[in-house]
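Novice: Per our numbering, the very first residue in the sequence shown carries number 610; after that it's consecutive.
Glycine included, C-beta positions come from ideal geometry on N, C-alpha and C.
If you're wondering where the values come from, they're calculated on a predicted model, not measured in any experiment.
The structure is given below, and queries will be raised subsequently.
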Amino acid sequence: MTKIKKLDQETIKKINQNNVLYLLYRHDQLTKHDIAKKLGISIPTVVTNINELIELGFVEEAGVGKSTGGRKPVIVKFLPDSRYSMGVVITKDYVRMVLTNLHFEIIKEVSISIDEELQSIDYIIEAVKEFQKNVCEELSIDENKILGIGFSLPGTVNEKTLILENAINLGIKNIDFKNYDFNCPVYIENEANASAYAEYFVYPDKSNSKLIFVSITEGIGTGIVFNSLLYKGANKRAGEWGHMTIVKDGKSCACGKNGCWEVYASSKALLKTYNKDTGLKRRNISEIFMELDEDYKTQKVVDEYLEYLAEGIKNIILIMDPDKIVIGGEIAFYEDYIKEALNEKVYKPNAFFTAKDCKIEFTKLKANASVIGAALLPVMPLFFNNNITI
Numbered sequence: 610m611t612k613i614k615k616l617d618q619e620t621i622k623k624i625n626q627n628n629v630l631y632l633l634y635r636h637d638q639l640t641k642h643d644i645a646k647k648l649g650i651s652i653p654t655v656v657t658n659i660n661e662l663i664e665l666g667f668v669e670e671a672g673v674g675k676s677t678g679g680r681k682p683v684i685v686k687f688l689p690d691s692r693y694s695m696g697v698v699i700t701k702d703y704v705r706m707v708l709t710n711l712h713f714e715i716i717k718e719v720s721i722s723i724d725e726e727l728q729s730i731d732y733i734i735e736a737v738k739e740f741q742k743n744v745c746e747e748l749s750i751d752e753n754k755i756l757g758i759g760f761s762l763p764g765t766v767n768e769k770t771l772i773l774e775n776a777i778n779l780g781i782k783n784i785d786f787k788n789y790d791f792n793c794p795v796y797i798e799n800e801a802n803a804s805a806y807a808e809y810f811v812y813p814d815k816s817n818s819k820l821i822f823v824s825i826t827e828g829i830g831t832g833i834v835f836n837s838l839l840y841k842g843a844n845k846r847a848g849e850w851g852h853m854t855i856v857k858d859g860k861s862c863a864c865g866k867n868g869c870w871e872v873y874a875s876s877k878a879l880l881k882t883y884n885k886d887t888g889l890k891r892r893n894i895s896e897i898f899m900e901l902d903e904d905y906k907t908q909k910v911v912d913e914y915l916e917y918l919a920e921g922i923k924n925i926i927l928i929m930d931p932d933k934i935v936i937g938g939e940i941a942f943y944e945d946y947i948k949e950a951l952n953e954k955v956y957k958p959n960a961f962f963t964a965k966d967c968k969i970e971f972t973k974l975k976a977n978a979s980v981i982g983a984a985l986l987p988v989m990p991l992f993f994n995n996n997i998t999i
C-alpha cells in the first residue's frame, strides 16, 4: 500500500497563501468571506493570509461591501504594481527585453539587433543587466521588487539546471545561466513552451487545458499544455515537431536531417521559396503578403506553403488530439491572409477529425506571446506551490 506523505504546516501555509493571492489576481478584488467560500478555508485562515499579504505589499483593504446582515464585509484588492518581472526573448536577429507588472502589462521595453553571426552570449547578458539597472533608475523601482528574469530561448532547455542545451538556429549550445552573476532569480524556458503557457495563463479558457502552441518564425517550435501544465517529456524535448520529416529525402535542415517540417513551413522557408521561385529578392514575408491579392505567382507559393503547414498540423492533431492549436510567431501577423485557406486544408474531409474536434486559432497575444511567457516564469511561484511542467 502506497503511503500518502503528509504536508507539514509550513507547506500548507504556503499553499493557502498562493491560493489566496492567485484568487485575488484572477478576480482583482473580493471580500474575505468570498475568499473563504471559494477556497473552502476558514475565515481566520483567510484573515491570517491577507494580513501577511498586506504586510508584503501584494494586496490592500479597499473599503467595504454591502452588508447582508451584520458587519459590512471588508474588500481586499490585488495590487498589480506591487512587484515586477522581466522577460527576455533571444532570437537570431534580436534580443527583446521587457518589464511587466503582475498583470503582465508591458511597462518598459528595449530591443537590440544582433549581427548575422550571433554576438557573444556574454554581451547579451550584460545588455540584460544594463536594462534592469536603467529601468529601475528611470522608473524609481526598488530592485528588490523585481521578482526575477525569465528567458525565452529557441532550442532544448533544461529549466531545472538552467542550461540551454542546444539552440540549432542560434548556433550555440551548453549555455549555463548559473555562471552569470544576476542579482535576482533567473528562469529559462523554450520559447514555444513559454508562448504556450502564456496563451493558456493570460487567457484562461476551458478549451485551453489541452493546447498546442505552434510558433512559426525562422524555425518552428511547439509548446504543449496538457491538463493545464506544460508537457516537456522525459528529456525536455517534447514538441520538437519542427524536425519531424514531412518530405522524404527532402531539403536539408540545419539539424542535419532532410525534409524537416520547418524547412517547408517556417517563415524563413516561405521567404526562401518565394525568392527562388519568382527570381525576386524580398527581404521579409510582409512584402510577400502585400502582393498576395494581385499576383498569381505569389498566390501559388503561399498556397504550396500552406499545404506543408497544414500537413504538419494534421500530424499534430492525429498524434496529440488537442482541444485547440494556437498559431503564433511571425506568421501570426498574417492571420487575415491565411486563416481561411489553412482551415480548408487542415479540415478537408478525412476519417479522423473535424473542425469541431480541434479548433485552430491565432495567438491573442500577437507579438508578445514569447516575451510575456518569459515574464510569467518568475511570477509563477507566487501563485503555485508546484512546478508548472510535467
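Tell me whether Val629 sits in a helix, a strand or coil according to DSSP, three-state version.
Specialist: Of the three classes helix, strand and coil, the one that applies to Val629 here is helix, per DSSP.
Novice: Assign Val856 to one of three DSSP states: helix, strand, or coil.
Specialist: In this structure, Val856 counts as coil in the three-state DSSP scheme.
Novice: Report, in whole angstroms, the separation of the C-beta atoms of Leu662 and Val683, which I expect to be a contact under 8 angstroms.
Specialist: Incorrect: roughly 13 angstroms between the Cβ atoms, too far for contact.
Novice: Report back the beta-carbon spacing between Asn802 and Gly832 to the nearest angstrom; my notes put them in contact at under 8 angstroms.
Specialist: About 4 angstroms separates the two Cβ atoms, so the contact holds.
Novice: Let's see if you can read the secondary structure: which residues bound the alpha helix (DSSP H) around Phe898?
Specialist: Phe898 -> alpha helix (DSSP H) spans 894-899.
Novice: Does DSSP put Gly982 in a helix, a strand or coil?
Specialist: Helix at Gly982.
Novice: Assuming Glu800 is part of the alpha helix (DSSP H), what are its boundary residues?
Specialist: Its alpha helix (DSSP H) spans residues 800-811.
Novice: Just the Cα atoms here: how many angstroms apart are Gly982 and Phe810?
Specialist: C-alpha separation (whole angstroms): 9 angstroms.
Novice: Where Asn627 and Glu913 are concerned, what is the direct C-alpha to C-alpha distance, given to the nearest angstrom?
Specialist: Looking at the two C-alpha atoms, the distance is approximately 49 angstroms.
Novice: Compare the C-alpha of Asp731 against each of Asn710, Asp790, Val707, Lys968 and name the closest.
Specialist: Measuring from the Cα of Asp731, the nearest candidate turns out to be Asp790.
Novice: In terms of DSSP beta bridges, what is Asn867 paired with?
Specialist: BP columns for Asn867 point to Ser861.
Novice: Applying the criterion that 16 or more other CB atoms from any shown protein chain within 10 Å of the CB defines a buried residue, is Ala843 buried or exposed?
Specialist: Flag for Ala843 reads exposed.
Novice: If you follow the alpha helix (DSSP H) that Gly938 is part of, which residue opens it and which one closes it?
Specialist: Premise fails: Gly938 lies in the beta strand (DSSP E), 933-938, not in any alpha helix (DSSP H).
Novice: Counting only the same chain and skipping the five closest in sequence on each side, list residues whose C-beta sits under 6 angstroms from that of Ala964.
Specialist: Taken in chain order, the residues that qualify are Tyr956.
Novice: With the cut-off set at 9 angstroms, would you say Tyr703 and Ser729 are in Cβ contact?
Specialist: No, the pair does not count as a contact, with Cβ atoms beyond the cut-off.
Novice: Could you tell me how far apart the beta carbons of Leu820 and Asp932 are, in whole angstroms, since I believe they sit closer than 8 angstroms?
Specialist: Between Asp932 and Leu820 the Cβ distance is about 7 angstroms, and since that is below 8 angstroms, they are a contact.
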